[in-house]
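Here the structure comes first, spelled out in structure tokens, and everything after it is commentary.
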Amino acid sequence: TQLLEQSPQFLSIQEGENLTVYCNSSSVFSSLQWYRQEPGEGPVLLVTVVTGGEVKKLKRLTFQFGDARKDSSLHITAAQPGDTGLYLCAGATGGTSYGKLTFGQGTILTVHP
Amino acid sequence: GAGVSQSPSNKVTEKGKDVELRCDPISGHTALYWYRQSLGQGLEFLIYFQGNSAPDKSGLPSDRFSAERTGGSVSTLTIQRTQQEDSAVYLCASSLFQGGNQPQHFGDGTRLSIL
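Top to bottom, those sequences are chains A and B.
If you count by the numbering used here, then the first sequence holds residues 1 to 113, one letter each, in order.
If you count by the numbering used here, then the second sequence holds residues 1001 to 1115, one letter each, in order.
Below, the structure written as structure tokens:
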């Protein structure tokens, strides 16, 4: 069984602070996706990283895929209350021909004004 | 609408009853996935369809769970003889093609409560 350990599980910060969420595994993933989920809704894809060492930026969010494709991080700069939500990492296995995702347990982020 | 549609949005039933959950994927999407999410937790993979075939059923928790997909479109997840531990949000996702790089588009889920 491939597991993704996501940390921290809970994060409560003030507006303007920076934060990093980590996603680690002993397994290699062909790609890794980050999702954000709001209460009562399904997850929404933020980014997909596929190459070891890859860094992608989405406004104030920076995503990194580890060189060995076993870990990833999400860094948010100058967090805003609108960033509040559940952040999920998900690793894909079986190569590019297969789409099964293994999800981390999620990080509940609360940004206080 | 253009997104993944799930029905019902909420379902409350008594222990021992059967339930059917429906998923309408985005038109043209060939791959369809079912996940289960407990309160505030990550998603647990249940089953995956490519067209009408289910290459991977490994996540189904027991033989009380089954799913089918017809016409390469609508899918139904059936839980027989429901138990209290089946209470969760059941999420469906679809993607244009199968593959780990494909973004999965999620519905808003069915919140199932077993009394």
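Where a beta carbon is used, it is the ideal one built from N, C-alpha and C, also for glycine.
A straight line joining the alpha-carbon of Ile108/A with that of Pro81/A spans about 13 angstroms. Per the coordinates, the alpha-carbon of Thr62/A lies some 27 angstroms from the alpha-carbon of Phe1045/B. Gly52/A has a beta carbon lying at 8 angstroms or more from every beta carbon in chain B. Contact check between the segment 83 to 94 of chain A and the segment 1060 to 1070 of chain B: fewer than three CB pairs, one atom from each, fall below 8 angstroms, which does not count as touching. Against chain A, the CB of Asn1010/B has no partner CB under 8 angstroms away; the residue lies outside that interface. Within the segment 1032 to 1048 of chain B, the residues whose Cβ lies closer than 8 angstroms to any Cβ of chain A are, in chain order, Tyr1033, Tyr1035, Gly1040, Gln1041, Gly1042, Leu1043, Glu1044, Phe1045 and Tyr1048. Contact check for Gln37/A against Gln105/A fails: the beta carbons are separated by 8 angstroms or more. Three or more beta-carbon pairs drawn from the segment 32 to 46 of chain A and the segment 1101 to 1110 of chain B are found closer than 8 angstroms, and the two stretches are therefore classed as touching. In terms of Cβ geometry, Ile1114/B and Asp1018/B do not form a close pair [threshold 8 angstroms]. Just measuring C-alpha positions, the residue of Ser12/A, Thr20/A, Leu3/A and Gly40/A sitting nearest Asn1010/B is Gly40/A. Among the CB atoms of chain B, one or more fall inside 8 angstroms of the CB of Thr102/A. For the pair Lys70/A and Ser25/A, the CB atoms are nearer than the 8 angstroms cut-off.
The three-state reading of DSSP puts Glu1085/B in helix, counting H, G and I together. The straight-line gap separating the alpha-carbon atoms of Thr1110/B and Ala1002/B is approximately 18 angstroms. Annotated three-state conformation of Asp1056/B is strand, per DSSP. Selection Arg1036/B, Leu1039/B and Pro1008/B evaluated against Asp1024/B yields Pro1008/B as nearest (Cα-Cα). With respect to the C-alpha of Gly1059/B, the residue from Val1012/B, Glu1014/B and Tyr1033/B having the closest C-alpha is Tyr1033/B. Residues of the segment 15 to 35 of chain A that bring their beta carbon within less than 7 angstroms of a beta carbon in chain B comprise Ser30 and Ser31, in sequence order.
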